[in-house]
Structure formats: C-alpha cells, structure tokens
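Since the structure comes first, as structure tokens, the remarks are kept for the end.
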Amino acid sequence: MEKKKPEHAPITGFPVREGELTIGGITVSQLAGRLGSTPFYAYDKVLISERIDELRKYMPSRLKLHYAIKANPMPELVQHMSQIVDGMDLASSGEMAIALATGMDPSLISFAGPGKTEQELFLAIAAGVTINMESFNEMENIARISKEQNIIPRVAIRVNPDFELKSSGMKMGGGPQQFGVDSEAVPSMLKRLAELDLDFIGFHIFSGSQNLNEKNLLETQEKSLDLAISLAKYAPIKPKKINIGGGFGIPYFPGDTQLDLKILGDGLSNYMNKFHKELPDCEVVIELGRYMVGEAGIYVTKIIDKKTSRGEIYLITDGGMHHHLSASGNFGQLIRKNYPVAIANRMSVLTTEQVNIVGCLCTPLDRLGDKMMLPKAEVGDYVVIFQSGAYGLSASPTAFLGHAIPKEVLV
Ligand SMILES: *Cc1c(COP(=O)(O)O)cnc(C)c1O
Numbered sequence: 008m009e010k011k012k013p014e015h016a017p018i019t020g021f022p023v024r025e026g027e028l029t030i031g032g033i034t035v036s037q038l039a040g041r042l043g044s045t046p047f048y049a050y051d052k053v054l055i056s057e058r059i060d061e062l063r064k065y066m067p068s069r070l071k072l073h074y075a076i077k078a079n080p081m082p083e084l085v086q087h088m089s090q091i092v093d094g095m096d097l098a099s100s101g102e103m104a105i106a107l108a109t110g111m112d113p114s115l116i117s118f119a120g121p122g123k124t125e126q127e128l129f130l131a132i133a134a135g136v137t138i139n140m141e142s143f144n145e146m147e148n149i150a151r152i153s154k155e156q157n158i159i160p161r162v163a164i165r166v167n168p169d170f171e172l173k174s175s176g177m178k179m180g181g182g183p184q185q186f187g188v189d190s191e192a193v194p195s196m197l198k199r200l201a202e203l204d205l206d207f208i209g210f211h212i213f214s215g216s217q218n219l220n221e222k223n224l225l226e227t228q229e230k231s232l233d234l235a236i237s238l239a240k241y242a243p244i245k246p247k248k249i250n251i252g253g254g255f256g257i258p259y260f261p262g263d264t265q266l267d268l269k270i271l272g273d274g275l276s277n278y279m280n281k282f283h284k285e286l287p288d289c290e291v292v293i294e295l296g297r298y299m300v301g302e303a304g305i306y307v308t309k310i311i312d313k314k315t316s317r318g319e320i321y322l323i324t325d326g327g328m329h330h331h332l333s334a335s336g337n338f339g340q341l342i343r344k345n346y347p348v349a350i351a352n353r354m355s356v357l358t359t360e361q362v363n364i365v366g367c368l369c370t371p372l373d374r375l376g377d378k379m380m381l382p383k384a385e386v387g388d389y390v391v392i393f394q395s396g397a398y399g400l401s402a403s404p405t406a407f408l409g410h411a412i413p414k415e416v417l418v
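So the sequence shown is numbered by the numbering used here: it starts at 8 and just counts up by one.
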C-alpha cells in the first residue's frame with residue numbers, strides 16, 4: 008500500500024478505549040446502541056466547556072464571549088452554551104425562540120441578518136433583544152413597529168467595513184455586501200437614528216469566518232475597534248457595546264493548524280487597552296460559532312456496503328451529504344478536501360487500505376472521503392467524521408432524496 012502524508016492534524020478530544028473511539032465516556036458503538044440507529048451527530052459538552060475555559064484563559068478578561076447560534080442550533084447544546092457564555096447572537100426568529108427558551112437575559116442576545124421580516128422585527132422588539140440593523144429601511148421599520156408596540160427597542164448598527172478579513176473561508180465584510188451598512192454611510196444613519204425613539208447600543212462589525220491566521224485576525228480586530236471609535240463620534244450617545252465579530256477557524260484539512268490563542272489574546276488585549284482610553288465604559292464582544300463547538304462534534308455513520316470498482320474500494324455508508332453537506336465539500340468550499348475521518352471500532356487496526364467513503368444518495372456529489380488511507384473496514388463498522396460540531400446537520404439539505412433525519416445527541 009502506498010505511503011501518504013497524515014490525512015489531518017491529530018484529533019485529541021476523543022480517547023480510544025480497547026480499540027474503539029469514545030465520546031463523552033462511552034464508545035461510539037455503545038452510543039449507537041443507545042440511540043437505536045445510525046447515522047447520528049454527537050456533541051461532547053465537556054469539550055465545549057473546555058474550549059470556553061481556554062478562551063477565558065487567553066482572551067482579555069474584559070472581553071465578552073458570545074455564541075453564534077447559526078453554527079449549531081441544537082436546543083440542548085444552546086442551553087449548555089447559555090450557561091457558559093456571556094451572550095448569544097442569532098440570525099432568525101427560529102434561532103431567537105431557541106435562545107430565549109434557555110432563559111438567557113434578552114439584553115445579552117443580539118439579532119443580525121440582512122432580510123429580517125416584519126414579523127421577525129415585531130418579535131425581536133417584543134422580546135427585548137438587540138437588533139443589529141442592516142439597512143436604513145430596516146431602521147425605519149423598527150422605529151415604526153416599536154411605536155405601535157410602545158416599546159423603545161435596543162438597536163445596533165451592523166457596519167460593512169471598508170476592509171476585509173484576509174484569507175477567510177467566507178468573507179462577510181469589505182467591498183460591496185448584502186450585510187450591514189457601508190461604513191461611510193453610517194454617520195448619516197446615526198443622524199437619522201438620533202431623531203427616532205431607539206435605544207442605541209453600539210456597532211456590530213463582522214468580517215468573515217473560518218480564519219486560521221492570527222495576524223489577519225488581529226489586524227481586523229484592530230481595524231474594527233478603530234472604526235468603532237471613529238464612528239462613535241457621530242453617535243447621539245456613547246456606544247455601550249461593540250461587537251467585533253470573530254471568524255476564529257478550526258483545522259479541517261492537511262496542513263491546517265490550531266490557532267494560537269495566546270497570540271490572539273495578547274494582541275487583542277493591547278488593542279482593547281487603546282480602545283478603552285477612548286471609550287472606557289464600552290463593552291467589547293466577540294461572537295464565535297465554529298470555534299466554540301466545531302471540534303466537539305462527530306458525525307457517525309455505518310458502512311452498509313463495501314465494493315470495488317475498477318480498482319477503487321468504496322465504503323458505502325447510511326449517511327451522506329444530505330446530513331453533512333460541509334463534509335461533502337459542497338458548503339462554500341472551492342475544492343473538495345477530506346474532513347478528518349476514522350473507523351471508530353478499528354482504532355487499533357494497523358492494516359490500512361485506500362478507500363473512498365460515500366453516502367447513500369444517488370448523486371456523485373455524495374462523497375465523504377476521497378482516497379483516504381484508513382484501517383481496513385467492513386460492513387457494519389462505524390465511520391466517524393470529526394470537526395462536525397458546527398455547520399453540520401442544520402447546514403445540510405435533509406429533504407434531498409427523502410431519507411430520515413439523523414438524531415443529534417449531547418453527551
Ligand atoms: C455566521 C456568523 C457568525 C459565526 O461565524 P463562525 O465562523 O461560526 O464563528 C458570527 N456572526 C455573524 C454575524 C455570522 O453571520
């Protein structure tokens with residue numbers, strides 16, 4: 008068999024016991040038994056808590072940590088997050104219902120998103136969450152709806168900055184964008200805001216996602232804080248909160264490495280000191296989704312067939328892209344790369360072979376692993392896809408091909 012470079016950075020969160028991968032203290036096959044079927048997603052709450060502890064250890068103590076629910080909206084997981092983070096960010100009324108059900112104080116919740124409906128604005132105003140306004144029209148709508156409700160709503164302006172977060176998996180700021188208000192238009196928006204009955208909270212500047220470059224992340228944080236200071240001069244009152252986004256990435260592919268939190272924390276600490284000289288009472292918030300939960304989750308499927316086609320081995324599983332679009336490479340990736348994969352019940356098997364792992368859908372897009380060197384696997388074995396705690400099930404087209412929706416479990 009050919010020798011290949013390691014498929015991925017080492018995965019450390021899931022200990023192996025008697026040759027089998029465990030999560031939350033039990034083996035994958037025990038968990039499969041407990042759930043009664045495969046495929047499923049499992050998320051480890053201890054790993055999530057440890058990740059938050061690490062952030063608290065290295066990030067400046069005054070920095071507030073928010074969870075972006077979009078990354079994983081599973082209600083039990085969001086409930087867990089509500090106990091360990093300082094606030095939550097959401098982007099739909101569905102996510103708002105999940106967040107409010109945790110009992111978190113609505114003033115710690117903010118609502119972003121470029122196309123909020125009348126109904127969503129109505130609910131957000133009634134709930135008392137902070138609305139990150141994405142346009143002039145939205146501000147006028149909020150003012151009108153809140154007057155009808157006799158409530159003064161909490162609002163922030165989402166700013167589309169004039170810079171970008173370099174080398175991000177997904178850019179969401181800089182240049183023309185559907186998100187936020189261009190920074191140069193913010194002074195005139197603030198002028199209009201001052202004429203309306205709105206409780207101005209501050210600014211939201213989110214530039215991008217899945218970034219593994221400390222230097223670029225820090226540069227964007229510094230620019231975001233500087234931008235907030237310069238825009239604050241136009242505001243009717245001093246901002247109370249600045250949300251500078253996040254974008255912290257996790258390693259998925261060969262060559263990716265973990266972010267160095269110490270470098271990030273030290274850098275941000277310097278910028279925050281500078282920032283607080285200008286705006287001493289203004290809270291600084293970062294919002295993270297993927298980084299908080301992505302590495303704590305696995306997706307588990309079972310091999311239901313194994314066959315050879317013209318020399319290539321195919322492991323055909325009972326899962327696929329309809330459950331895990333991002334692992335199939337079809338969620339915003341330009342080229343398909345393999346997520347880290349293991350055969351859960353053969354962790355100590357030394358004989359490897361090159362295999363292709365596919366799902367059960369009738370489309371060639373349904374690939375979970377291309378030409379991977381893995382322990383020799385058989386029908387009935389469990390294929391585990393790591394780094395599956397964020398943008399997994401909720402980011403997948405579950406109706407495609409009409410299969411059952413997989414279970415999710417927090418362990
Ligand atoms: C998607 C999104 C996030 C979360 O991004 P991650 O890369 O998962 O950390 C945070 N804030 C906003 C506004 C988003 O749209």
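We treat Cβ as the ideally placed atom computed from N, Cα and C, and that holds for glycine.
All values reported here derive from a predicted model rather than from experimental measurement.
Legend entry - Heavy atom of ligand 1 within 7 Å of M88 beta-carbon: no
Inset, instruction - State the Cα-Cα distance for the pair E9 and T370, rounded to the nearest angstrom. - result: Residue confidence is low: E9 scores 46 on pLDDT, short of 50, so the model does not pin down where it sits. Its coordinate-derived value is still stated next. Cα to Cα, E9 sits roughly 29 Å from T370.
Legend entry - Which residues DSSP lists as bridging Q228, in chain order: Note: Q228 sits in no beta bridge, so no partner.
Legend entry - DSSP-derived helix/strand/coil call for E290: strand
Inset, instruction - Would you tell me roughly how many angstroms separate the C-alpha atoms of Y346 and N79, rounded to the nearest one? - result: 18 Å
Legend entry - ligand 1 heavy atom lying under 7 Å from the CB of S216: For S216, the distance from the CB to the nearest heavy atom of ligand 1 is below 7 Å.
Inset, instruction - Return the chain-ordered list of same chain residues with a C-beta closer than 7 Å to the C-beta of N337, the five sequence neighbours on each side being excluded. - result: M328, L372
Legend entry - Contact under 8 Å by Cβ, P243 with A235: Remark: C-beta atoms of P243 and A235 do not approach each other more closely than 8 Å.
Inset, instruction - For H330, write down the residues that DSSP places opposite it in a beta bridge. - result: For H330, which the question treats as bridged, DSSP gives no partner whatsoever.
Legend entry - alpha helix (DSSP H) runs wholly inside the stretch 95-171, at least 4 long, in chain order: 100-108, 125-134, 143-156
Legend entry - Under the three-state DSSP convention, the category L357 falls into: Three-state DSSP puts L357 in coil, outside helix and strand.
Inset, instruction - Determine contact between the stretch 275-289 and the stretch 183-200, defined as no fewer than three beta-carbon pairs at a distance below 8 Å. - result: Taking a cut-off of 8 Å on C-beta distances, the stretch 275-289 does not touch the stretch 183-200, as fewer than three cross pairs fall below it.
Inset, instruction - State the CB to CB distance for the pair G181 and D169, rounded to an integer number of angstroms; the pair is presumed to be in contact (CB under 8 Å). - result: 7 Å
Legend entry - For R1, the three-state DSSP class (helix, strand or coil): Outside the displayed span of the chain (8 to 418) sits residue 1, for which this structure offers no information.
Legend entry - Any 3 or more C-beta pairs closer than 8 Å across the stretch 224-235 and the stretch 250-262: yes
Legend entry - Neighbour-count burial assignment, V23, 16 or more Cβ in a 10 Å radius: exposed
Inset, instruction - Inspect the CB distances between the stretch 109-117 and the stretch 82-101 and report whether three or more fall short of 8 Å. - result: Judged by Cβ distances under 8 Å, the stretch 109-117 makes contact with the stretch 82-101, as three or more pairs qualify.
Inset, instruction - For chain C, find out if any of its Cβ atoms is closer than 8 Å to the Cβ of L205; answer yes or no. - result: Of the protein chains in the structure, only one exists, and it is not chain C.
Inset, instruction - Consult DSSP for F341 and reduce its assignment to one of helix, strand or coil. - result: According to the sequence shown, residue 341 is Leu rather than Phe. Look at L341 here: in three-state DSSP terms it is coil, with no helix or strand label.
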